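First the structure, in the form of structure tokens, and then the observations on it.
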Amino acid sequence: PEREYLNSAFLALAIAAGITCPIAHPGKSALAVRATDLVRGRDDYAIRYIEAAQKMKKNT
């Protein structure tokens, strides 16, 4: 159940392990990728995370 949460967790762990080009559903995974980058210090001032969140909000 709730496979989307498992996929997001797996993607976050893969990014932490060094994956640089994951093949994933772009609409479902974009925010998880940006959130992981933010937490790992790869997104100064959370700019990419905020942009991705705003884009998702517009699409819903």
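In this text, residue positions in the sequence shown follow this note's numbering: the first is 19, and each later residue adds one. For glycine and all other residues, C-beta sits at the position ideal for the given N, C-alpha and C. Predicted model only: the values in this text are computed from it and were never measured.
Short Cβ contact (7 Å threshold) for residue i with residue j
i	j	result
A70	R58	no
T54	A35	no
Residue closest to residue i, alpha-carbon to alpha-carbon, out of the options
i	options	result
L24	D55, G36 and A50	A50
I33	E22, E20 and L56	L56
R66	A48, L31, L29 and P44	A48
K75	E20, K46, L31 and A27	K46
K73	R60, Y63, P44 and D61	P44
request  = Write down every uninterrupted run of the alpha helix (DSSP H) in the segment 21-71 whose length is 4 residues or greater and which is fully enclosed by it, in chain order.
outcome  = Runs found: 21-35 and 44-57.
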